[in-house]
Amino acid sequence: MSVQFSEINDLEDRLNDLMAKSNEDPNIYEISQALDELIFLYYQKKRA
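Residue 2 is where the sequence shown starts when you use the numbering used here, and the numbers rise one by one after that.
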């Protein structure tokens, strides 16, 4: 399974958006899920 850099960039953007929103309405679970997905894809890409 090939991970595209655009997927990683999209996740980073989503994570940044969630972190910005967390200042107004904290939702640690959503941020945690986005970060977990980003880390998973990053290491999957590194192993490929």
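The beta carbon of each residue, even a glycine, is placed where N, CA and C say it ideally should be. All values derive from a computational prediction rather than experimental measurement.
Judged by beta-carbon spacing, L16 lies within the 8 Å limit of L39, meaning their Cβ atoms are closer than that value.
In the structure shown, the three-state DSSP call for E25 is coil. The beta carbon of E25 lies closer than 8 Å to none in the same chain, with the five residues before and after it left out.
For Q45, the three-state secondary structure derived from DSSP is helix. Within a 10 Å sphere around the beta-carbon of A35 sit 16 or more other beta-carbons, which makes this residue buried.
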